[in-house]
Amino acid sequence: MLRGGTRPITLIPIYIGYEHVMEVGTYAKELRGATKEKESLPQMLRGLSKLRNLGQGYVNFGEPMPLMTYLNQHVPDWRESIDPIEAVRPAWLTPTVNNIAADLMVRINNAGAANAMNLCCTALLASRQRSLTREQLTEQLNCYLDLMRNVPYSTDSTVPSASASELIDHALQMNKLKSRKTLSATSSFCRASKRC
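Per UniProt numbering, residue 1 is the first one in the sequence shown, and the count goes up by one each step.
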């Protein structure tokens, strides 16, 4: 591709996310050492029924990376090291590809989308008992939203425009959090479940 290539190539980092990760249970098993299961057509068809309640999807584009500009900055003599006849891999290629991959991952993370589920789960999982009153959860989400809106993580990331209360209502409607009324007050408790 680099040999004799004159077309400009730009790598576009794309963040793709949704509010509920269907494979979270499988992923946790794999992290504990279980072998990855092969996916089959019947398994995929069964998975279609679960697609109903994954929440909203997000597609954000990060800062593009013009490949030639990157190479010129990081490997100034890259053109001279390409053999025009033989396909010999230059010594700089593997480390440069690894650096490009790492840079693209950072750019994808910079384009992340905050949403009702990841904000609620962050607050609940950070609490001592993995539960908060609705008022406490609202206060925590307001803190997160104020921080993200006033000191953004990056210019490519997105923050919900909804209020903390609307985000909590949305998360509860997805049936991914457990909620119960307390005996002494009218406030409800939200507990983090394994589905977060």
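Each residue gets a CB set at the ideal place from its N, CA and C atoms; glycine is no exception.
By DSSP's assignment, N150 forms no beta bridge with any residue. The three-state secondary structure of K29, taken from DSSP, is helix.
Around the beta carbon of C143, fewer than 16 other beta carbons lie within 10 angstroms, which makes this residue exposed.
Of the candidates S127, T94, E23 and M68, E23 places its Cα closest to the Cα of E39. Annotation for N109: the continuous alpha helix (DSSP H) segment containing it runs L93 to N110.
Per the C-alpha coordinates, the member of G112, P152 and E135 positioned closest to S179 is E135.
In the same chain as H170, and ignoring 5 residues on each side of it, the C-beta atoms closer than 6 Å to its own belong to A116, in chain order. P66 is bridged by DSSP to T10. As the crow flies, the alpha-carbon of G17 is around 14 Å from that of R107.
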